[in-house]
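Participant: Can you keep this structure in mind? I'll have questions shortly.
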Ligand SMILES: [Zn+2]
Ligand SMILES: [Zn+2]
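Numbering (the numbering used here), first residue to last: 27 to 162.
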């Protein structure tokens, strides 16, 4: 692999770059897979080799499967579980349809949210909007 900080080739098992001394988890200047410079630090994939940049999951950012499931089951019609997980567009659809149809859409949105909530609880859906895996 390549150091994400200095772009030098390093041992696949190295935890610290022998060239610049930075942890191999750190840095976003070079592609870990091919060593190409990364022009956009927010890019999701390498424009050179196409590999996905895996962002380390911050444990405090990790969303809970149980919370997502319960929010979906009880408040799914308002899209609260999708707000929680970062699926803002889907959440807004559920919220606005529930509110703006004078109650006609609310039962449908509630069923939609209920099904999504169950899917989170049984693990059929298991990532948030950023692709981070949900905690148990
Ligand atoms: Zn380095
Ligand atoms: Zn690459």
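Note that beta-carbon positions come from the ideal geometry of N, C-alpha and C, so glycine has one too.
Bear in mind the structure is a predicted one, so any value in this text is a computation, not a measurement.
From the DSSP output, read off the bridge partner residues of residue 71.
Facilitator: Indexing the chain shown from 1 puts residue 71 at position 45. Residue 71 is bridged to 78.
Participant: Helix, strand or coil for residue 42, going by three-state DSSP, please let me know.
Facilitator: Here residue 42 corresponds to residue number 16 of the chain shown, with the count starting at 1. Residue 42: strand per DSSP, three-state reduction.
Participant: Should residue 130 go down as buried or exposed, given a rule of 16 or more other Cβ atoms within 10 Å for buried?
Facilitator: Here the question's residue 130 lines up with position 104 in the chain shown. Looking at its Cβ environment, which holds fewer than 16 other Cβ atoms inside 10 Å, residue 130 is exposed.
Participant: What residue from 151, 37, 42 has the CA that sits closest to residue 59's CA?
Facilitator: Mapped onto the chain shown, residue 59 falls at position 33. The candidate whose alpha carbon is nearest that of residue 59 is 37.
Participant: Taking residue 55 as the reference, which of 72, 161, 44 has the closest Cα?
Facilitator: The sequence position of residue 55 within the chain shown is 29, counting from 1. Nearest option by C-alpha distance: 72.
Participant: Please name the residue, chosen from 158, 106, 61, 147, that lies closest to residue 77 on a Cα-to-Cα basis.
Facilitator: On the chain shown, position 51 is the one that residue 77 refers to. Nearest of 158, 106, 61, 147 to residue 77, Cα basis: 61.
Participant: Just curious, the alpha helix (DSSP H) that residue 96 is in, first and last residue?
Facilitator: Working through the chain shown from its first residue, we reach residue 96 at position 70. Per DSSP, residue 96 belongs to the alpha helix (DSSP H) from 91-101.
Participant: Cβ of residue 113 within 7 Å of Cβ of residue 70?
Facilitator: Within the chain shown, numbered from 1, the residue matching residue 113 stands at position 87. Within the chain shown, numbered from 1, the residue matching residue 70 stands at position 44. Not closer than 7 Å, so no.
Participant: So which residues touch the region around ligand 2, with touch meaning a C-beta under 6 Å from any heavy atom?
Facilitator: Spelled out in chain order, the answer is 57, 59, 60, 62, 72, 74, 75, 77.
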